[in-house]
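Here's the structure, in structure tokens; my notes come after.
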Amino acid sequence: MKEFLESRESKKIQLHLGLSIILLSLVATIKGGVNSGNTFQFLECLSIGVSAFLITFIGMFGNEKIFDNWKGIFNKKSKGEKIFFLIIPIVLLLLLSVFYYLFNKVPDFFKFLNKELDFPQEDYLIISINDIFRYFMVLVWNFVCYIVTSMMISMELTFIGIIFFDRISEYYSQIGEKKIND
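Residues in the sequence shown are numbered from 2 upward in steps of one, following the working numbering.
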């Protein structure tokens, strides 16, 4: 296993995974900034995460010996550890959603509070510059959210694929045997 992680093949898989997530996240961020009013789209994250999962899974599956080693390592884990591997990315996604909400709603709340408490309003030019700065900060934040969320989705799908690979392949082999027998 250690040999594979240090091999050229593993580094290629990691490079392809990283590049695909970064480039697809960049495209989703630009598209969201131009078309969707600079909003974060979870459906885009799902698309990027599934693409990253396919790159990782196919890359690992290409070397059958290494893939069997990965399966063996995960199958030796206790049920609690398997659940931990499946739940941690979901918890991290929920935390990211909370941070995303706070990042976008807290500045609006402070503007509302300033208006309600009749605090002096800033000059229009400063507000305009602040809005532009906030727009670009939201773009950067969306980009980071796309990368992190897509990676979490990819990890989750990879864990599910490795843990349940034997069951899925057994199911499809039974279907194939039924078709041959019919």
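Virtual Cβ for every residue (Gly too), placed ideally from N, Cα, C.
These numbers come from a predicted model, not from an experiment.
Could you give the first and the last residue of the continuous alpha helix (DSSP H) run that contains K12?
Element bounds for K12: 9 to 36.
On a Cα-Cα basis, can you pick out the residue from K180, M156, N182, K12 that is closest to I91?
M156
Rounded C-alpha distance that separates Y125 from V99
Confidence is the limiting factor: at Y125 the pLDDT is only 49, short of 50, which leaves the residue's position unreliable and the question unanswerable from this model.
Can you say whether Y147 is buried or exposed, counting buried as having 16 or more other CB atoms within 10 angstroms of its CB?
Result: buried.
The stretch 78 to 87 contacting the stretch 36 to 49, beta-carbon criterion three pairs below 8 angstroms:
Taking a cut-off of 8 angstroms on C-beta distances, the stretch 78 to 87 does not touch the stretch 36 to 49, as fewer than three cross pairs fall below it.
Should I176 and F75 be called a contact, given that it needs their Cβ atoms to be closer than 8 angstroms?
Their beta carbons are not under 8 angstroms apart, which means I176 does not touch F75 by this criterion.
I'd like to check one pair, T30 with N143: are the Cβ atoms closer than 8 angstroms?
yes
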